[in-house]
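>
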Amino acid sequence: MAVLKVIEILANSDNGWEDAAKQAVAEASKSVKNIKSVYINEQSATVEDGKIKNYRVNVKITFEVK
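Mapped onto the numbering used here, the consecutive letters of the sequence shown carry residue numbers 126 to 191.
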């Protein structure tokens, strides 16, 4: 049996929700090892002049505690 922990990360990107999620995982992996999964909890965006300016994600990252 593995012991898993979940942390929540907020990330943003000018290029899309997928890129924001990738940035969240990349940032978390700098200090957290054994990441097993990512769950996109929430997506949002800021709008300026009728166009999406910034994509935001709230992700839950699951990792194994050794």
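C-beta atoms are modelled at their ideal positions from N, C-alpha and C, and glycine is treated no differently.
Applying the criterion that 16 or more other CB atoms from any shown protein chain within 10 Å of the CB defines a buried residue, is V182 buried or exposed?
Buried.
> Let's see if you can read the secondary structure: which residues bound the beta strand (DSSP E) around A127?
Segment: none, A127 is in no beta strand (DSSP E) and carries neither H nor E.
> When the Cα atoms are used, what is the spatial distance from L129 to D174?
Rounded to whole angstroms, L129 to D174 spans 43 angstroms at the Cα level.
> Please name the residue or residues paired with V163 in a DSSP beta bridge.
Beta-bridge pairing links V163 to I186.
> What does a CB cutoff of less than 8 angstroms around D139 pick up in its chain, not counting 5 residues either side in sequence?
Cβ neighbours of D139 beyond the five flanking positions: K178, N179, Y180.
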